[in-house]
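Undergrad: Structure provided below as structure tokens; questions to follow.
Residue numbers (the numbering used here): 23 to 286.
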């Protein structure tokens, strides 16, 4: 009976050990699987980050490329669609810029003109591509000549930039109400200094420059002052001696004059 009990105990112990081993193996397998999954996820995450960086760089390049393409463009709004072809549209644009805006522009300075959008009930704007940036700036400076008409001219921006400029325009209006000279430059707000502020800043810089002398200049100035003092001291001694000695008011007698007096 005792032997049977011993055998049963051994069997129970063996079963318990096997269960523990099985549990330990299961835990190890789970850890191994988790580690492998974590490594794979980390690799995927690193690749995703690298791809995002590359995508951002490519997007910046595309944005810069699009900006360069639109750099010499202008968009003309409110011009009636009476043209029957490209040449008439180009002639219409040339006439408007030359006669209405008083900008002397030649046909060769316009690279391309075309209507934007589909034909419909609204007047389509005209995209103008110029050959030089300087001519575009000159035309933009004459925008005030169109104030009395329904025609308007603006720069050509990408859609995202136009939406951002629309939001920033509200901030610009608030800054101008506060007396600041705020303007929009592409997709950023720039606060320009007034003439009085520029003059004040220039005067301040000049004052600082005058106050901050170089050591050599200061040393030379000191030496000059000391030399001047020593010279003044010498002059004072000489003048004192001249004052102390009695003045001889009699004119000096020459040898000829002395001999004549003896003969008399």
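Quick reminder that beta carbons are idealized off the backbone N, C-alpha and C, glycines included.
(1) Out of 205, 147 and 178, which has the shortest C-alpha to C-alpha gap to residue 92?
(2) Over the uninterrupted alpha helix (DSSP H) stretch that includes residue 188, give me the two end residues.
(3) Roughly how many angstroms lie between the CA atoms of residue 96 and residue 144, to the nearest whole one?
(4) Mapping DSSP to helix, strand and coil, what is residue 101?
(5) Taking the alpha-carbon of residue 88 as reference, which of 181, 140 and 166 has the nearest alpha-carbon?
(6) Excluding sequence positions up to five away, which residues of its chain have a Cβ less than 8 Å from the Cβ of residue 173?
(7) I need the DSSP call for residue 71, collapsed to helix, strand or coil.
(8) The beta strand (DSSP E) with residue 132 in it runs from where to where?
(9) Using the beta-carbon count (16 or more within 10 Å), is residue 157 buried or exposed?
(10) Would you kindly work out how many angstroms separate the C-alpha atoms of residue 60 and residue 50, rounded to a whole number?
(11) Regarding residue 104 and the ligand ADP, is the C-beta to nearest heavy atom distance less than 8 Å?
(12) Is it true that the stretch 138-152 meets the stretch 180-199, where meeting means three or more beta-carbon pairs spaced less than 8 Å apart?
(13) By DSSP, does residue 169 sit in helix, in strand, or in coil?
TA: To lay it out plainly:
(1) 178
(2) 181-199
(3) 19 Å
(4) coil
(5) 181
(6) 98, 99, 100, 101, 118 and 122
(7) helix
(8) 132-137
(9) buried
(10) 15 Å
(11) The ligand ADP is not part of this structure, which contains no ligands at all.
(12) no
(13) coil
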